[in-house]
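Enquirer: Line by line, the protein sequences are chains A and B.
Count along the first sequence from 1, add 50, and you get the number used in this note's numbering.
Count along the second sequence from 1, add 50, and you get the number used in this note's numbering.
2 protein chains.
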Amino acid sequence: MKKRLTLADIAKAAKVSLMTVSRAINNKPGVSDEVRQSILTLAEEMGYHPNYIARGLATRRTATIGLVVPDNTNPFFAQVARGVEDGAYENGYNIFLVNTNEDPVRELAALDSLWQKNIEGAILCSSRLPTEILEEQIQRFPAVVVVNREPRKPMPNLISININDQRGAQLALGHFLALGRRQIAFINGPANSTSARRRLEGYRAALRSAELPLDPQIVEACSPDMEGGRLAAAALFARLPKIDAIYAFNDLVAIGAMQACEEAGKKVPEDTAIIGVDDIPLATIVRPRLTTLHVNLRHIGRLALRSLLDIIKGDATPAAFQIEPELRIRDSA
Amino acid sequence: MKKRLTLADIAKAAKVSLMTVSRAINNKPGVSDEVRQSILTLAEEMGYHPNYIARGLATRRTATIGLVVPDNTNPFFAQVARGVEDGAYENGYNIFLVNTNEDPVRELAALDSLWQKNIEGAILCSSRLPTEILEEQIQRFPAVVVVNREPRKPMPNLISININDQRGAQLALGHFLALGRRQIAFINGPANSTSARRRLEGYRAALRSAELPLDPQIVEACSPDMEGGRLAAAALFARLPKIDAIYAFNDLVAIGAMQACEEAGKKVPEDTAIIGVDDIPLATIVRPRLTTLHVNLRHIGRLALRSLLDIIKGDATPAAFQIEPELRIRDSA
DNA sequence: TTGTATGCGTTATCAT
DNA sequence: ATGATAACGCATACAA
C-alpha cells in the first residue's frame, strides 16, 4: 500500500501551484488549455486520484447516499437496491447499504451513522419509524426519498414513491370475483407498515363496492416473508375452512400461503386461488406460477435515485409518485 | 436542515477547550471523570454527533468498508451481503455496496471509487479481475477479503474464503453414483470464474476415481443464472439425450435446468436427477425441492467481515478459509 | 489534567 | 491565468 498522491505532489512535479492542479482536475476555469492538458496527462501518468474525504470536508459534497432497507435479502428490496445502485454508478455516486431488520431502533442508529458520514441524501424503503420521528429525520438530511410510505405533509426536500395499493387491491379482488370466489381472505403485512394499511383499505373498498360482507376474521396480519404467510394461512384455514381465495400482502407471503395450502391438502388454484403483490422473480419459478400484481422494482430504484439527485441538485419540487401495478395472470388464480 | 454542531460549539458551551471535548467524546484519558461526565451529558443534550468525514481526514480511519459483488439480486450474494452488513453494524462500520454486473471494467471503476473514499478494507466476491490486476488492486487497500477466489500467493493484507469445491463435487457425484446414474452432465459457470474451474476439477476427479469415462461433450458452461441453466441443459439434451443426471454450478443454474427438463418432458428426478450448489432459500421452494450442497452463506458474510476487521486491526495472519459444503438430499436427486 | 499549535487533502477566497 | 492563504472539523503531538 504505497503512499497516496496528493494535489501537492502533482503540483510539485508539474512545477505549478496546488490550486492550478485543483482547477485543472476539476475542469474549472482559470487555467490555460495548454497547462491544463499537461497537468491532466501528468496526473494520469502518476496515477493521481482525488481524495473524496478531504474534498467532502471542504465542499460538504461526498458523492455518497444512503439506502435503508428492512432486509436486502428480500427480493423486493434486492431489486430496488439494484436499481438504485445502477443509477448511482451512472452518476458517480456510491451507496451505503444498511439493513434495519424492521427494527426502528436499528433504523434510527443507521440514520445517525449515515448522517455522521455526510451523505448527500437517503432513500428510505418501508421505514418503520413513527411519523413524527421520521419527519424529524427527514429534516436532518439535504434530500430524502421514501418508498412505501406516505408523508403527512409535503416537505421541501422529500419525494415519496408508492405503489397504488388501492388500485392493486381492486385489480386482485376484481379477478377473484370474476372467477366466482366469494370467501376472499386477506393476509396483510405488519400493522405498522403503510403499504399494509393502504392495501387493507383497498381490500375493504373492493369488497364494499362488490357489496360483499367484510368479516374481520378473514383478515390476518403477518411478517412479510414466506414463513409469515405460511403461518397466517394456516391460522385462517383453521378458523374459516371455506376460504376460496387469498389476497396476499406480497409474493413472499403468497408463496408461504401456497405452502400452507399444500400442507392442508388444498389445491391451488382449484380450492384456493392466490394472488400476490410485487412480481418478484420467484413468482414465475414456483409451481403453480403465481398470479400477482406486477411492479417494475428495479425501475422504482432508478426512479428513487434520480429523484434524490434532483432534490440534491435543487431542481425538484416536492412530489409523490404513484406506481401503477398491473395484474399478471398466471396459474395461481 | 439546521447547522451541524462541531466540537468547538460544545467546547464553547462547556467553557473548556475543544480538545477536552474531543478526549471526553472519544473516551480517551486526560480528562477528569467529573469534567468528562458533564461534557458528555452536555453533548448529548445539544445533540452533538462527530463528523466522520473530518475525523477520517485526520485519522485515515473512516469506519467504512466496501462490498463488491457481481449482483446483489442474486440470492447467493444477497445472503452474503446480509451477513457482512450485520457484522458491520455490530462493529460500528458502514458498507459501500457496489455491483459489478460481472464486468471487469465496472469492477475496476468501483474499486477506484471506493479507494478514493478511503475505505478501510474491501470484501470482493467472485471478482472477475485478471489475477495480476486483482493483486495490484489488493495492494492498494489496507485490508482485503476475497470470496470465491484463490490468490496465487499469500499477501499480508489478504484473507480468502472459498467453498471446498472439490469436496462438493465428490459429494454430489458420489450421490449420483449411489443412485445408479452414469451419464452425469456438468453445467459449469463462466470460464473466468475460479469456482467454476475448481468445480470442474472436482467433477473430473470424481469421475476418474469412479473409473468413469469423461466425455468433454457432457460439460457445458453458462452464465450463472436460471436462464443460463435452462439454455445449457437444453443444449446438453440436444447433444446427449441419455443424460440421467446433472450437476449444476449453483442452485440458480440447477433450477434453470429443472425448467429445461420440464420443457423437454423429462421428469426430475426419475429421468434426470439434479444437484445444485449453495442451498439458497429458493432450493426448498421449487418443486421438486432441490438437492444441493448446503453452505451457510450468511455465515460466510460474517466471517468475511470479521476477517477483514482482524486484518485492519492488525491481528490477523494471511489465511485461506475453506468452507465445507454439506449434501442436503431433498427431492431432485 | 488541560490547552495550543499543526496537519489531514481539498476547495473558496482573495490577491497578484 | 496563476498563486497564497484560510477554512472544513477533527486528532496528534507537544507544551503548560
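Even glycine gets a Cβ: it sits at the ideal position worked out from N, Cα and C.
Which word fits B/V155, buried or exposed, when buried means at least 16 other C-beta atoms lie within 10 angstroms of its C-beta?
Expert: Exposed, by the Cβ-count rule.
Enquirer: For the alpha helix (DSSP H) that B/L117 lies in, which residues bound it at each end?
Expert: Run containing B/L117: none in the alpha helix (DSSP H); it sits in the beta strand (DSSP E), 114 to 119.
Enquirer: If you follow the beta strand (DSSP E) that A/A370 is part of, which residue opens it and which one closes it?
Expert: First-last of the beta strand (DSSP E) with A/A370: 369 to 373.
Enquirer: The alpha helix (DSSP H) spanning A/R378 covers which residue range?
Expert: Segment 376 to 378 is the beta strand (DSSP E) holding A/R378; no alpha helix (DSSP H) there.
Enquirer: By the DSSP assignment, the beta strand (DSSP E) with B/L250 in it spans what residues?
Expert: From DSSP, B/L250 is part of no beta strand (DSSP E) but of the alpha helix (DSSP H) over 244 to 259.
Enquirer: Using a Cβ-Cβ cut-off of less than 9 Å, give me the residues of the stretch 267 to 296 of chain B that come near chain A, in sequence order.
Expert: The stretch 267 to 296 of chain B vs chain A, Cβ under 9 Å: M276.
Enquirer: Where A/R378 and B/E186 are concerned, what is the direct C-alpha to C-alpha distance, given to the nearest angstrom?
Expert: Distance between the alpha carbons of A/R378 and B/E186: 49 Å.
Enquirer: Within 8 Å of any Cβ in chain A, is that where the Cβ of B/V118 sits?
Expert: No, B/V118 lies away from the interface with chain A (no Cβ there is under 8 Å from its Cβ).
Enquirer: For A/F236, tell me which candidate among A/I350, A/I293, A/V196 has the shortest Cα-Cα distance.
Expert: With distances taken between Cα atoms, A/F236 lies closest to A/I293.
Enquirer: Can A/T114 and A/I169 be called in contact, C-beta distance under 8 Å?
Expert: Yes, the Cβ-Cβ distance between A/T114 and A/I169 is below 8 Å.
Enquirer: I need the boundaries of the beta strand (DSSP E) containing A/E270, first residue and last residue.
Expert: Start and end: 269 to 271.
Enquirer: Using three-state DSSP, classify B/H99 as helix, strand or coil.
Expert: Reduced to three states, the DSSP call for B/H99 is coil.
Enquirer: Starting from B/S163 and walking both ways along the alpha helix (DSSP H), at which residues does that stretch end?
Expert: B/S163 -> alpha helix (DSSP H) spans 154 to 166.
Enquirer: Starting from the N-terminal side, write out each stretch of the alpha helix (DSSP H) that is 4 residues or longer and does not extend beyond the stretch 292 to 343 of chain A.
Expert: Taking only runs of at least 4 residues, the alpha helix (DSSP H) segments lying wholly in the stretch 292 to 343 of chain A are 301 to 314.
Enquirer: Residues of the stretch 125 to 137 of chain B with a CB closer than 8 Å to any CB of chain A: list them in chain order, please.
Expert: Cβ contacts with chain A: P125, A128, Q129, A131, R132, E135, D136.
Enquirer: Where do the N-terminal and C-terminal ends of the alpha helix (DSSP H) with B/G218 fall, by residue?
Expert: Run containing B/G218: 215 to 228, per the alpha helix (DSSP H) assignment.
Enquirer: Identify the continuous alpha helix (DSSP H) that holds A/G351 and give its terminal residues.
Expert: Looking at the DSSP string, the run of the alpha helix (DSSP H) that includes A/G351 is 347 to 363.
Enquirer: Take the Cβ of A/A246 as the centre, count every other Cβ of all protein chains shown within 10 Å, and call the residue buried at 16 or more, exposed below.
Expert: With 16 or more Cβ atoms within 10 Å of its Cβ, A/A246 is classed as buried.
Enquirer: Taking only the alpha-carbon atoms, compute the straight-line gap between B/E270 and B/R248 and give it to the nearest angstrom.
Expert: Answer to the nearest angstrom: the Cα atoms are 15 Å apart.
Enquirer: Which residue or residues does DSSP assign as beta-bridge partners of B/F126?
Expert: Looking at the DSSP assignment, B/F126 forms no beta bridge with any residue, so it has no partner.
Enquirer: Out of B/G279, B/V318, B/R217, B/A104, which has the shortest C-alpha to C-alpha gap to B/Y253?
Expert: Closest by alpha carbon: B/R217.
Enquirer: Buried or exposed: which applies to A/L174, given that a residue is buried once 16 or more other Cβ atoms fall within 10 Å of its Cβ?
Expert: It is buried - the Cβ of A/L174 has at least 16 other Cβ atoms within 10 Å.
Enquirer: Residues of chain A with a CB under 7 Å from the CB of B/Y102: which are they?
Expert: The answer, in chain order, is Q166, K167.
Enquirer: Mapping DSSP to helix, strand and coil, what is B/I183?
Expert: Here B/I183 sits in helix by DSSP.
Enquirer: So is A/V85 in contact with chain B if we call contact Cβ pairs under 8 Å?
Expert: No, no contact with chain B.
Enquirer: According to the neighbour-count rule (16 or more other Cβ atoms, all chains shown, within 10 Å of its Cβ), is A/N76 buried or exposed?
Expert: It counts as exposed.
Enquirer: Can a CB atom of chain A be found closer than 8 Å to the CB of B/S243?
Expert: Not an interface residue.
Enquirer: Answer yes or no: does any C-beta atom of chain A fall closer than 8 Å to that of B/N76?
Expert: B/N76 does not count as touching chain A.
Enquirer: Would A/N106 count as contacting chain B if we go by Cβ distances under 8 Å?
Expert: Here the sequence assigns Gly to residue 106 of chain A, which means Asn is not the residue at that position. At least one chain B Cβ lies under 8 Å of A/G106.
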